[in-house]
Amino acid sequence: MAEITDSFLETYAESDALDLAGLVKRGEVTPAELVEAAITMIERLNPALNAVIHRLYDMARTSAEAVDRNAPFAGVPFLLKELASSWTGAPNTNSCFFLKDIVADFDTEVVRRMKAAGLVLVGKSNAPENGWSITTEPKLYGTTKNPWKEGITPGGSSGGAAAAIASRMVPIAEASDGAGSIRVPASCCGIVGLKPSRGRVSLAPFGDYWYGSAYFLCCSRTVRDTSAYLDAVAGALPGDPYTPPIPSGSWLDLSSHTPKKLRVGFSVTPPNGTPINPEVKATVLATVAVLERLGHDVEEHDMPLDAEAVWKTYTNMTCVQTAATFGYHETVIGRPVTPDDIEPVTWAIIERGRSTSGIRHISDIEQLRQVGRDIVGDLVAYDLFVTPTLAQLPRPLGYYDMSEPDIDRYNAKWTDAVFAFPFNISGQPAISLPLGWSGGGVPIGVQLIGRYGDEAMVLAISTQLEQEMPWKHRRPSP
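If you count the sequence shown from 1, position 404 lands on 416 in my numbering, and the numbers rise without skipping.
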């Protein structure tokens with residue numbers, strides 16, 4: 013094995029995942045050397061950031077020896093989020109004290125596809141308890157820091173993944189999104205985060221999550237890495253409840269195509285009346301100006317959405333789902349969950365879920381399906397819709413506090429993500445791109461939303477913006 017020199021570490025840090033896989037395929041490095049580089053970076057950077065909560069180095073070293081060097085991500089170090097996805101032999105706690113001793117004994121379908129793609133698991137990334145936050149500050153594992161600025165959130169719930177990628181521990185990591193949890197941390201940490209179309213990535217062996225409103229994919233530093241990852245893990249299985257249209261080619265190839273002239277709608281007016289940060293607004297308007305210069309037709313369009321009412325209904329639905337999930341966990345653990353096992357807001361969520369009638373729950377589901385239909389109908393005239401990812405810059409750590417026992421007070425602070433959660437309901441693909449930085453050096457994400465099933469267009473226009481408004485060279489100070 014070659015020595016892990018500072019020069020090699022710099023090459024590792026500046027390369028995206030496909031660059032690293034290319035080095036392996038050309039025989040310039042081995043998967044084992046990439047694993048050692050990742051371990052070195054994690055050991056250097058993680059003590060200050062707390063992005064990686066389980067170090068799986070022995071597993072990674074063993075896996076590196078068996079990598080298929082023709083796989084798309086041959087030998088690329090990778091993190092799995094500490095939520096939902098199951099990788100045999102890895103902890104699977106959902107960042108919850110109640111589940112702290114759980115180790116996965118099977119692979120979910122998406123993990124099988126990760127392995128086939130040549131990704132090498134080096135650790136698991138931090139997440140809030142059960143993913144119920146847009147920051148990453150679980151009591152079980154502690155707070156993840158934002159590598160760009162001390163004292164601000166990295167976002168959540170995929171905040172550990174985003175911080176690890178932004179700081180160059182790994183080039184790509186799993187992420188999931190039930191109300192913005194891929195896009196919000198991507199925005200906070202200055203990276204790429206795509207929430208795919210409903211049903212694009214199979215949830216097998218599970219039936220569904222949140223009636224099609226929870227999604228799995230990744231965060232990365234480049235559009236092409238995200239495109240290639242989508243190629244690697246997408247695809248429905250027999251019995252999956254949703255099956256979006258299949259593109260005519262690979263997403264990696266389609267992402268490099270110059271988009272046709274698009275009709276673009278945009279909004280900088282939050283549909284719940286929450287204030288918008290001036291630098292966030294300016295970044296969206298600058299993006300729209302670039303799109304117009306590239307020849308696309310643009311017009312402002314504000315969504316006629318009662319976001320506050322919809323958010324309450326969505327919360328009620330997810331409370332019932334969470335209560336049901338904990339019923340399953342109780343069966344696995346062999347005893348009832350108690351308030352001492354979980355954070356206060358999680359207990360409040362479970363109690364609300366348990367007290368909600370079946371009639372109320374069905375009514376909530378039908379209301380949300382109607383909202384999804386209305387959102388798609390409202391945007392049907394546009395090929396692309398552009399908004400801020402977050403209405404505000406990343407909040408201070410502690411702003412979103414899961415020790416809050418009142419779920420309504422807790423949820424009232426999620427207004428910054430008002431542009432994100434509607435597209436979990438509508439099922440449309442939505443990506444956050446790091447297209448601006450504040451005067452204080454904090455990343456600002458812009459969200460691009462496409463038509464259902466049209467990730468190809470979203471990725472192609474994202475590539476165009478990546479070329480016009482590049483970000484890959486930006487890197488937080490160690």
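Glycine included, every Cβ here is placed at the ideal spot set by N, Cα and C.
Every value quoted in this text rests on a predicted model; they were computed, and no experiment measured them.
If you reduce the DSSP assignment to three classes, tell me which class L447 lands in.
L447 falls in the strand class under three-state DSSP.
Using a Cβ distance threshold of 8 Å, determine whether the region 211-229 contacts the region 151-169, with at least three qualifying pairs required.
The region 211-229 makes no contact with the region 151-169: fewer than 3 CB pairs, one atom from each, lie closer than 8 Å.
Taking the runs of the alpha helix (DSSP H) that are 4 residues or longer, which of them lie wholly in the region 164-250?
The qualifying runs are 171-178, 195-201 and 235-245.
With distances taken from CA atoms, which of A83, D314, S367 and L133 is nearest V332?
Distance check between V332 and each of A83, D314, S367 and L133 places S367 closest, using alpha-carbon atoms only.
How many angstroms separate the CA atom of G251 from the CA atom of P140?
Between G251 and P140, the C-alpha separation is close to 31 Å.
For I164 and G451, what's the separation of their Cα atoms in angstroms?
Answer to the nearest angstrom: the Cα atoms are 15 Å apart.
With burial defined as no fewer than 16 other Cβ atoms inside 10 Å of the residue's Cβ, what is the status of R125: buried or exposed?
With 16 or more Cβ atoms within 10 Å of its Cβ, R125 is classed as buried.
Close beta carbons around V388, own chain, < 6 Å, minus the five adjacent residues each side:
Non-local beta-carbon contacts of V388 in its own chain, meaning distances under 6 Å to residues more than five positions away in sequence, involve S438 in chain order.
Contact under 8 Å by Cβ, L396 with I473:
Against a cut-off of 8 Å, the Cβ pair of I473 and L396 comes out as a contact.
Cβ distance (whole Å) where F433 is taken to contact A403 below 8 Å
About 12 Å separates the two Cβ atoms, so there is no contact after all.
Counterpart residues of F397 in DSSP-defined beta bridges
G277 and I461, per the DSSP bridge assignment.
Applying the criterion that 16 or more other CB atoms from any shown protein chain within 10 Å of the CB defines a buried residue, is L206 buried or exposed?
Answer is buried; the Cβ neighbour count reaches 16.
Are P490 and L95 touching if we call contact CB-CB under 8 Å?
Cβ atoms of P490 and L95: not closer than 8 Å.
Secondary structure at A429, three-state DSSP: helix, strand or coil?
In this structure, A429 counts as helix in the three-state DSSP scheme.
Can you say whether D466 is buried or exposed, counting buried as having 16 or more other CB atoms within 10 angstroms of its CB?
By the neighbour-count definition (other C-beta atoms within 10 Å, threshold 16), D466 is a buried residue.
Complete beta strand (DSSP E) runs within the region 293-335 (minimum length 3 residues, chain order)
Look at the region 293-335 and you find these whole runs of beta strand (DSSP E), each 3 residues long or longer: 309-312.
CB-CB length for V196 against G168, believed under 8 Å:
Right, their Cβ atoms sit about 7 Å apart.
Go ahead and label F218 buried or exposed: buried means 16 or more other beta carbons lie within 10 angstroms of its beta carbon, across all protein chains shown.
Within 10 angstroms of the beta-carbon of F218 lie fewer than 16 other beta-carbons, which makes it exposed.
Beta-carbon proximity list for M469, same chain, < 8 Å, skipping 5 on both sides
The residues are P271, L274, D395, L396, G462 and R463.
May I ask you to list the residues that DSSP assigns as paired with V115?
Looking at the DSSP assignment, V115 forms a beta bridge with P103.
Just to confirm my understanding: we take L264, look at its own chain, exclude 5 residues before and 5 after, and list those with CB closer than 7 Å. What are they?
R236, S239, A240 and D243.
Should A60 go down as buried or exposed, given a rule of 16 or more other Cβ atoms within 10 Å for buried?
Its Cβ having fewer than 16 others within 10 Å, A60 is exposed.
Buried versus exposed call for G39 [16 or more other C-beta atoms within 10 Å across all chains shown]:
Counting Cβ neighbours within 10 Å, G39 comes out exposed, since fewer than 16 surround it.
Range covered by the alpha helix (DSSP H) that runs through L68:
Segment: none, L68 is in no alpha helix (DSSP H) and carries neither H nor E.
Count Cβ pairs between the region 282-290 and the region 422-431 that sit closer than 8 Å; are there 3 or more?
Short answer: they touch.
When the distance is taken between beta carbons, is L111 closer than 8 Å to M71?
Contact flag unset, no.
In whole angstroms, what is the alpha-carbon distance linking E312 and S268?
Near 27 Å, if we compare the C-alpha coordinates of S268 and E312.
Sheet register partners of S137 (DSSP bridge)
Looking at the DSSP assignment, S137 forms a beta bridge with V64 and K93.
Cut-off 6 Å between Cβ atoms - residues of its own chain near Y24, not counting five sequence neighbours on either side:
Only A49 meet the Cβ criterion.
Cβ contact check for the region 313-327 and the region 84-92: 3 or more pairs under 8 Å:
Touching, no.
Buried versus exposed call for D420 [16 or more other C-beta atoms within 10 Å across all chains shown]:
That one is exposed.
Which residues share a DSSP beta bridge with V388?
Under DSSP, V388 forms no beta bridge with any residue.
Taking the alpha carbon of T399 as the reference point, which residue from P455, V292 and T350 has its own alpha carbon closest?
Nearest C-alpha to T399: V292.
Can you tell which of D119, G202 and V79 has the C-alpha that lies nearest to the C-alpha of L92?
Nearest neighbour of L92 by Cα position, chosen from D119, G202 and V79, turns out to be D119.
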